[in-house]
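First the structure, in the form of structure tokens, and then the observations on it.
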Amino acid sequence: MSLVVIGSVAFDGIETPFGKVDRIIGGSGTYISFSSSYFTKNVKLVGVVGEDFPKESINALQERGVNTEGLQIKKGEKSFFWQGKYHLDLNSRDTLVTELNVLADFDPIIPDSYQDCEYLILGNLTPQVQKTVIERLKKRPKLIVMDTMNFWMEIALDDLKSVLKMVDVLSVNDEEARQLSGEHSLVKASKKILTMGPKFLIIKKGEHGALLFHKNEVFFAPALPLEEVFDPTGAGDTFAGGFIGHIAKTG
Numbered sequence: 214m215s216l217v218v219i220g221s222v223a224f225d226g227i228e229t230p231f232g233k234v235d236r237i238i239g240g241s242g243t244y245i246s247f248s249s250s251y252f253t254k255n256v257k258l259v260g261v262v263g264e265d266f267p268k269e270s271i272n273a274l275q276e277r278g279v280n281t282e283g284l285q286i287k288k289g290e291k292s293f294f295w296q297g298k299y300h301l302d303l304n305s306r307d308t309l310v311t312e313l314n315v316l317a318d319f320d321p322i323i324p325d326s327y328q329d330c331e332y333l334i335l336g337n338l339t340p341q342v343q344k345t346v347i348e349r350l351k352k353r354p355k356l357i358v359m360d361t362m363n364f365w366m367e368i369a370l371d372d373l374k375s376v377l378k379m380v381d382v383l384s385v386n387d388e389e390a391r392q393l394s395g396e397h398s399l400v401k402a403s404k405k406i407l408t409m410g411p412k413f414l415i416i417k418k419g420e421h422g423a424l425l426f427h428k429n430e431v432f433f434a435p436a437l438p439l440e441e442v443f444d445p446t447g448a449g450d451t452f453a454g455g456f457i458g459h460i461a462k463t464g
């Protein structure tokens, strides 16, 4: 069953206590597409990159069966770039550089071949872009999943709340859930967020797993402990991709 992924396709610069890399492929759209492609072979990506984005990275997505017809390539422009530094526990990080570049005026294009999608996942982008994608689909998908972050809660809260009314599932981490709800207790936070529109709420807790809330029900999924973790960048997007990919596979 067809799945449309909207998200950033970008370059990352990452520093952790265990190493440093100046420029690698990243972005929410990239991680979600790769992850979901292991469950369903009908993944369709919407995003934008600059002329500097390597063709081989687009080929890698296509080799996983990802349809990139909706990926715009802007000639003479640069791709989105993010650089961050992780602390020792790898759960917290500092953003060092954010260069929006092509994302600054991103106007998503939904090809006709994407219009029959049954599932939609809105990766972390501006709430206005997320809303535009929903509005440009001719029919509402069976399930819409949304990811967001603290930054949009700080600068575009009203826009964010308007999108929340249009989605079925919201996926955030525990810090984001507390900020959005104003509640420290995740149970209280979930109740408040579920009144904002989503029917389901996923709260990610990193190495401690994830919580799924629906009405008065809660489900806890533990995470498998890993002996070594080098870079957690994109972990939440990868999790979300697996989540929606499996649902798209099983219907």
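In this note's numbering, the protein residues as written are 214 to 464.
We put the CB at the ideal spot given by N, CA and C, even for glycine.
Nonlocal neighbours in the same chain, by C-beta distance under 7 Å from ASP265, ignoring five residues either side: For the purposes of this step, residue 265 is taken as residue 52 along the sequence shown, with counting starting at 1. Within the same chain, and ignoring the five residues on either side of ASP265 in sequence, the residues whose Cβ sits closer than 7 Å to its Cβ are LYS291, SER292.
Segment contact flag, the region 325-333 with the region 296-305, C-beta cutoff 8 Å, min 3 pairs: Contact fails between the region 325-333 and the region 296-305, because fewer than three Cβ pairs, one in each stretch, are under 8 Å apart.
Segment contact, 8 Å Cβ cut-off, at least three pairs: the region 252-263 with the region 215-235: By the Cβ test, the region 252-263 is in contact with the region 215-235, since at least three Cβ pairs between them sit closer than 8 Å.
Start-to-end residues for the beta strand (DSSP E) that takes in PHE432: Here residue 432 refers to the residue found at position 219 when the sequence shown is read from its first residue. For PHE432, the uninterrupted beta strand (DSSP E) run begins and ends at 430-434, by DSSP.
Distance between LYS288 and LEU301 (C-alpha atoms, nearest Å): Numbered from its first residue, the sequence shown carries residue 301 at position 88. Numbered from its first residue, the sequence shown carries residue 288 at position 75. Their Cα atoms are separated by approximately 39 Å.
Unbroken stretches of the alpha helix (DSSP H), 4 residues or longer, contained in the region 331-394: Those alpha helix (DSSP H) runs which fall completely within the region 331-394 and span 4+ residues are 340-349, 363-368, 370-377, 387-394.
Continuous beta strand (DSSP E) assignments of at least 3 residues falling wholly in the region 284-334: The qualifying runs are 294-299, 306-312.
Reference PRO267; option with closest CA among PHE252, PHE452, ALA223: By one-based count along the sequence shown, residue 267 stands at place 54. It is ALA223 whose Cα lies nearest to the Cα of PRO267.
Proximity below 8 Å, CB of SER270 to CB of ILE238: The sequence position of residue 270 within the sequence shown is 57, counting from 1. The sequence position of residue 238 within the sequence shown is 25, counting from 1. Yes, they are a contact pair.
Other residues of its chain near PHE231: CB distance less than 6 Å, five sequence neighbours each side excluded: Within the sequence shown, the letter at position 18 stands for residue 231. The residues PHE443, in chain order, have a CB closer than 6 Å to that of PHE231 in the same chain once the five nearest residues on each side in sequence are set aside.
Inter-residue spacing [alpha-carbon to alpha-carbon] between ASP381 and GLN341: As a working note, residue 381 is residue 168 in the sequence shown. As a working note, residue 341 is residue 128 in the sequence shown. Between the alpha carbons of ASP381 and GLN341 lies a distance of about 17 Å.
Within 8 Å, strictly: CB atoms of GLN296 and GLY240: Along the sequence shown, one-based indexing puts residue 296 at 83. Along the sequence shown, one-based indexing puts residue 240 at 27. For GLN296 and GLY240, no; Cβs fall outside 8 Å.
Same chain, Cβ closer than 7 Å to ALA436, five either side skipped, listed in chain order: As a first step, residue 436 must be located in the sequence shown, where it is residue number 223. Correct list, in chain order: GLU420, HIS421, GLY422.
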